[in-house]
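Numbers 119 to 337, taken from the working numbering, label the letters of the sequence shown in order.
Quick reminder that beta carbons are idealized off the backbone N, C-alpha and C, glycines included.
To start, the structure itself, in structure tokens.
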Amino acid sequence: MAYTLSSSQADCFTNARRYVFVDIQIDIVHLIDSVKANFEKSSRLALVSTIQFVTSLQTAKQPLLEAGYSVTIPQCLPLSPGEILGCTSPKVEGVDALIYVGDGRFHLESIMISNPLLAAYRYDPYNKSFTREYYDHKVMRKHRKKAVDTARNAVNFGIILGTLGKQGSSTVVKQLQTELEKSGKTYIILLLSEIIPSKLALFDEQVDVWIQVSLTFRF
């Protein structure tokens, strides 16, 4: 048994949207000096950030090249060069370290998961701190395996389709519907702009496992 979107609900994903790209200016000199203070000139570095700082990566690249560093700004299409998201990041090869320009760890963890053996650093342009960052891949894999094992024995599924910007993918949802129906599972589809555990708890009697096709999660 399946509960699907009505045509009026589905139409909300085809409405026209306009995205405004924001460029936040940072202290490029301090960023460059921080790199020089932490890495030998022979170092091979990859620079990444969120969209609001990607122009700063390009600005910092040339002075670092002139100083003797090997600098790469990787790209994962369709994103801009150097841009990463919590769900999308490139596999980087041929570098010694990764430098993320931005605050927080949400987007940084994406590329750390994609590159488990690569040393990662974070330059926060707001408080001008430069820190070594770590990620416990063993614990992450343990949690993911537990989630997979739980889903393997589940009968009733809930599919969360994100409605904020382009975070949700109706194509992925359709693929999930097909696979669940093949397996004889029941499911509901829930549209949310933000995932809040207290809201999900309202469906505890109907849903054994949630499948998240979205990014935003608030604890």
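Separation of residue j from residue i, as counted between CA atoms
i: Q193; j: E323; result: 43 angstroms
i: C205; j: G186; result: 33 angstroms
i: S287; j: W328; result: 16 angstroms
i: Y244; j: F224; result: 16 angstroms
i: L149; j: P208; result: 22 angstroms
i: K264; j: K154; result: 42 angstroms
i: S188; j: V331; result: 37 angstroms
i: D226; j: E211; result: A small fix is needed here, since residue 226 is Leu in this sequence, not Asp. Spanning the two alpha carbons is a distance of roughly 17 angstroms.
i: I306; j: I277; result: 6 angstroms
i: I202; j: V325; result: 32 angstroms
i: R262; j: S152; result: 36 angstroms
i: F275; j: I314; result: 17 angstroms
i: D267; j: D242; result: 38 angstroms
i: K303; j: V273; result: 5 angstroms
i: N156; j: R162; result: 13 angstroms
i: K292; j: S228; result: 25 angstroms
i: M258; j: V290; result: 23 angstroms
i: I144; j: K246; result: 9 angstroms
i: F248; j: G283; result: 31 angstroms
i: K159; j: P181; result: 12 angstroms
i: N271; j: E299; result: 15 angstroms
For residue j and residue i, believed in contact at Cβ under 8 angstroms, the rounded distance
i: V172; j: S198; result: 5 angstroms
i: I217; j: Y253; result: 15 angstroms between Cβ atoms; not a contact.
i: T281; j: L310; result: 7 angstroms
i: I191; j: Q170; result: Contact doesn't hold; Cβ gap of about 15 angstroms is too wide.
Exposure label - residue i; buried when at least 16 CB within 10 Å
i: N233; result: buried
i: P196; result: exposed
i: G200; result: buried
i: F321; result: exposed
i: A178; result: buried
i: K317; result: exposed
i: T168; result: buried
i: L183; result: exposed
i: A319; result: exposed
As assigned by DSSP and simplified to three states, the class of residue i
i: S228; result: helix
i: R223; result: coil
i: N156; result: helix
i: I144; result: coil
i: A269; result: helix
Strand pairing of residue i, partner residues [DSSP]
i: T206; result: Looking at the DSSP assignment, T206 forms no beta bridge with any residue, so it has no partner.
i: R162; result: S188
i: D242; result: S247
i: V172; result: None, per the DSSP bridge assignment.
i: G280; result: L310
i: S167; result: E201 and V219
i: Q330; result: I278
i: Y253; result: DSSP, once it has assigned bridges, lists no residue as partnering Y253.
i: A237; result: A215
i: T177; result: Paired residues: none, contrary to the question.
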